[in-house]
């Protein structure tokens, strides 16, 4: 079994390697191939990976190459961790919208749109190579914005893939913990889009305990809990960017505020220094502060479900395909699927609860326009997408904002200049 | 043939009477019955109505009564012009949101929501009386917010009705005029919700002239025309409240700004003085400044299409019933229908254009929540509705805003206090 | 205005010419161009056409050519009357199924399937020429099986077209006549497939008179009226082939039975002799016995609705496009449409009545398989189509039947041999 | 845990008891309560059940009562094995249609319709009692026609239930065995209605091996394999009643033919004699010849999936709920569901393959009409149902057939006489 890590020079790679080590028995990788455009990082990460596997005493061959097509030869799974534009682009995504009084975030709002516009062409190019070199391989995507990437891959990729996000699993586990409930005895209905998902119903031992779960989650949120009580559903934490956008923007105006990208850039520099240490044979403590905890678990679970034909329920980013009413068949959604050897099969959901329906539909329209803008390289569609975004108040704001965002991205988006 | 005017003391009544006079041959009303809760206005309007009909030499019997059920006896058509709370409530609708930096408007945004919450119970009470007293009569509704009222009537009314708005017809005629096109040779695709409609395609002699039409409409709009060019569709003018909300709010902060309700209140006072003049035998010139031009034409056209089984295409507020994808069957939409003796039958539209889809779906969710809030008398649903509205930025704004709006409406909404 | 008649040597042509003469004021044809592969018939029909128009004193130029592409140059409307295989193929269609105890009919059952397999390639070839030579022209199709042809054109034709059948209009008029009702005051819901349509509801002056209408139609049918009473809807007369198939087959076993094709072949021979008479200047009395009465009226009505942008309701063969639940978007249905300068727009119908739903869906599946079989030239799909047909009892019957049908059609269906 | 067996006097009961014994560890039943209207059989079966459990050394309390409501008190699971009218009614179902040249079968065709009409009222009465006495209990239904019963329960039952049939699992296992494939490594797409299901796609280790599977199944079928090859899908064996109906009817005309009901009646008499033997402590060998093998396994699997919240994929009879296109939301289908503590959740399937779509839709319409006929007690709807059935050739056959069927069922169907 060969696993290729696209963007293998990522600071997340040791997290994945750690996960592979823990699941080796069920998922015995023969070759782990790292590929990246950054030769230095690739070298560092390949070294640490080798040391980690050696320490674990596992017979995994670690290879590395800058040649993506060669990397893909014979691949069974391809795992994407790429970040087009790196932390600098992310900092733009987070800083520029704030100037206009709009949430600056890596995956949500105008920042997420820019990340999508930079990333979709790279992911479709990868898919193109996979179609030719390893058409039966599975792409296990973790690159953000994961939902939008999933829609692009689903409509234009022509490959087998699973779009992931560790968020829903982690948040659901936390909710159940707050309820004192055993996950094996609980059933949580989850629906929405990536970073726009909702736990709409929580059952424990077949009893509806949604109200209690909402109360517990509301208190956990550190914001006025009344809204969640009224909503009657538990949003992903990213929803604070919508429901409490004023607070989020205010916070960024506090003195000393640094964006997440700015913080991570610093952490990553230190991480890479540590990774390069030939004595290091495990993921360092500092990696926790990088975020993305639980990520390897979700990625490995998907690969296991495919490889062992488990038919296991997992919340993934999949094309709707008629599972949710009021959204097109070819729109991606974040939804419970049965994952097996033939992929992720959405469980029929039905109509969205009315209180969250409009927001999900509005953001979906923005996402689909963004995919179209990226695929066609169209500034016009990009503007339609931005104007369709619920966080954008008006044309008067959107017009200069898009100008500035595209200008800042001209190195990574050819049609932006 | 008996036509009942519910809210017959409205300042619009002479507009309707004028329309009836012009179409008398096709629509020979035997009895025109005015009913209103305001006895003084009822008296004044009945007097003017009689004089206008007398001058026209038409044998129409004009009756009036405060007893609605008696008014409905033997009715063929019931026409609603009621305004619950009158101009004072409207001024609240327009003034209060502005304090929070939000568009204040009679039918759009938080103001429209309040109008709906005040009006839906009155319309459903009327429907209840009609079911019992004149179950075969048609309600021709002009009371705003017309789309939300249509949804409430369609889901809970149990009567025959047509929901009207003169906006689309007037705006389409203006667009065609700008193109120099004969309406009889043009085809315009119109879709959306009430006061949230769009001309998505314009054909003249079978040729697609949408781009030209967009250009002409954009210039007519008196706002930066670039957005409409990019959008590629012609929004109803009410859409300025969404796409250019900042400008709209700014304008209201100019010194000397008066809301439309404040202006109309003054005009209405003068109108009523003129109406009371026993010499007046036609609608006065001042009525034009009251607005609603073209209203009688649309109302009469609907009655004619029904009475003469015309099978004529008209843009009305109807339950979707599967005509538009991505919206529920029981949601009201503003759509081309074939209107005949058995009612308004939507012409299948299909999927909404992506650039306008999200906004329409988001506003629809708000509207449906508003209907539910009104029917159940639920403050919780009212808050869900307000938070679902695309013009509301956050919970932190919505919470005090709803408090203030409900407090101001406690005379008209029993559960508001 | 130029009108091309594809299959202009048809014995129906004088019917069309007669219709054109009657509507000349509204539809002033400049050139009427007849094209046909049969030079003799073309000559005869062109002659009669010229004499009829001359007698009417109308300045219509009558042209004829065997070169279809040349005929199409400058065309506004193209009218198809072709019959691939002529009466001999029809007689096969009617005779062969009877040997297997199955209804033999020109458009229904295995016969109709053969007619579709012969005709679809010819119609798609015509469409191909139209796309290149006269892409803005409208094809007004009357060639049977009209519904299946409409589906093939709608999915693969890439041209503007209206699929017609005079049946529903004629049958509805007859039903209303039986009720003593004025068509202008009646509303009849009609739905189904071509030659498989149903009047599901009959209103007169807004009152539901379906039960009376069913009773009247049942008596008219000359078969045990109980079934129609129980069904509660009025089927097209072709439905006798399904509901009373045994009687239909029995009748064909009576001594002296001749199929309709055999009768028509004889009538046509005589018709052509009469047509050739240089004294003949109008359609002869005998043409009535040929059938297709009312056909010109329906064809002219469609052309008028397009040309004059009437927005008139007409029952035509159109792609479903979501108008009827339970059938695919790209399946053709026989449905009320609004016909204007931009084509036929289905009025949303909703779910099919349960009592007729299954039969319509089953026949639709057969029809769609037939289209696929014709387009792919696939014997396998043809067998799937035949087995999907509700009149086919089993594989043991279908297998030899298809063999024999294909053998008899090997001159007209290349892949049949 | 309390399990109630409704129809506990069934000859199948020992099969269920045997399954419970084998799964006792996972499904530790405390009380097994048998209820039946036939006191003698109840006594016999309770005795054998006690002896079987005693022999297995399991501490299960076996109770019995003719009072259904008492039986339901405290129930966790209710299992239905009832057969309204017993074997005599079944023999009628199988014999009468044959007189008219139509397949006589317990669940398919006119026989199945009669069984549904007899059984639905009894099942809805059971559901009514469950709603009151044990609203949280699950009905695990095995009573045929299982799909039609599921639709009746889903629309009118108001209880939690799972509709079962052991057919799909058994047939799929056989197909995989023929392929030499390990079920754990295979994925089989199954869709349709009860006794009208199809394996539409067979994957082994992620490779599409449908063609091979079709070939293997075709040979297994003992009928001309060509049809299945052409169809390209593997039908349930019950489909022989449709695709090869002539052969099935012929077979029944062979000398010495006995219907399955006639055979089973004899076997059951002998079985009951054996069951009464106080020495018998296990299910007798003869039970195999009774049929229904694998039944306990499927029933126990459903109970385990619910009790242990497994989220396991099982093929069950469930309301469609939008999982399959072209069928109503409230129609039952035989479909892969995820079964957990909150019930059976259909996995979205999408459109039916065209080659099988029409038949499934036609039979579904018949089934839904049958449910309506049973619920309303309507002879008219019963006739519409029969006429909608694809095995019924015409009104001329259906009319006397329904008369005779209803007459034969007048003891069990109140409105039949």
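Protein chains in written order, with the numbering used here: chain A, 50 to 466; chain B, 50 to 466; chain C, 50 to 466; chain D, 50 to 466. Quick reminder that beta carbons are idealized off the backbone N, C-alpha and C, glycines included. Small disclaimer: the values here were computed from a predicted structure and weren't measured.
For residue 372 of chain B, the neighbours in chain C by C-beta distance under 7 Å run, in chain order, 397.
Counting along the chain, no beta strand (DSSP E) covers residue 234 of chain B, and no H or E run does either. A straight line joining the alpha-carbon of residue 211 of chain D with that of residue 179 of chain D spans about 14 Å. Judged by beta-carbon spacing, residue 335 of chain D lies within the 7 Å limit of residue 320 of chain D, meaning their Cβ atoms are closer than that value.
Taking 4 residues as the shortest admissible run, the segment 146 to 191 of chain A contains the following complete alpha helix (DSSP H) segments, listed from N- to C-terminal end: 158 to 182.
From the listed residues C:169, C:307 and C:390, the smallest Cα separation to residue 355 of chain C is found for C:390.
Bounds of the alpha helix (DSSP H) holding residue 225 of chain B are 216 to 228. Of all residues in the segment 421 to 445 of chain C, those with a C-beta nearer than 8 Å to a C-beta of chain D are 421, 429, 432, 433, 436, 437, 439, 442, 443, 444 and 445, reading in chain order.
By the beta-carbon neighbour count (other beta carbons within 10 angstroms, threshold 16), residue 199 of chain C is buried. For residue 250 of chain C, the enclosing beta strand (DSSP E) covers residues 245 to 253. Counting C-beta pairs closer than 8 Å gives fewer than three between the segment 355 to 371 of chain B and the segment 85 to 100 of chain B, which falls short of the contact rule. With a beta-carbon spacing of about 5 Å, residue 193 of chain D and residue 156 of chain D fall inside the 8 Å limit used to define contacts.
Distance from the CA of residue 239 of chain C to the CA of residue 224 of chain B, rounded to the nearest whole angstrom, comes to 36 Å. Pairing residue 274 of chain A with residue 268 of chain A, the inter-Cα distance amounts to about 6 Å.
With 16 or more other CB atoms across the displayed protein chains lying within 10 angstroms of its CB, residue 142 of chain D is buried. Think of a sphere of 7 Å around the beta carbon of residue 406 of chain B: the chain A residues whose beta carbon falls inside it are 414, in chain order.
CA-CA distance, residue 324 of chain A to residue 58 of chain A, rounds to 11 Å. DSSP, read as helix, strand or coil, puts residue 366 of chain A in strand. Judged by DSSP in its simplified three-state form, residue 286 of chain A adopts helix. Membership of residue 300 of chain C in any beta strand (DSSP E) is not indicated; the residue belongs instead to the alpha helix (DSSP H) covering 294 to 301. Using a CB distance cut-off of 7 Å, residue 343 of chain C does not count as an interface residue toward chain B. Of B:377, B:410, B:441 and B:201, the smallest CA-CA separation from residue 293 of chain A is found for B:441.
Under DSSP, residue 72 of chain A shares a beta bridge with no residue. For residue 394 of chain C, the chain B residues whose C-beta falls within less than 8 Å of its own C-beta are 396 and 397, listed in chain order.
Think of a sphere of 7 Å around the beta carbon of residue 128 of chain B: no beta carbon from chain A falls inside it, the nearest being about 32 Å out. Burial state of residue 243 of chain D is buried, judged by a 10 Å Cβ sphere holding 16 or more other Cβ atoms.
For residue 252 of chain A, the residues of chain D that pass the 8 Å Cβ criterion are 390 and 391, in the order they occur in the chain.
A direct Cα-Cα distance of roughly 7 Å separates residue 409 of chain C from residue 245 of chain C. Just so you know, the alpha carbons of residue 281 of chain C and residue 412 of chain D end up roughly 20 Å apart. With a cut-off of 8 Å on Cβ pairs, the segment 297 to 316 of chain B is not in contact with the segment 166 to 185 of chain B, counting fewer than three such pairs. In the DSSP annotation of this structure, the continuous segment of the alpha helix (DSSP H) that includes residue 449 of chain B starts and ends at 444 to 457. Collapsing the DSSP output to three states places residue 135 of chain A in a helix.
For the 7 Å CB-CB criterion, residue 73 of chain B and residue 52 of chain B do not form a contact. When secondary structure is reduced to three states using DSSP, residue 212 of chain D falls in the strand class. The Cβ neighbour count for residue 181 of chain C, taken over all protein chains shown within 10 Å, is under 16; the residue is labelled exposed. Taken through DSSP and simplified to helix, strand or coil, residue 239 of chain D comes out as strand.
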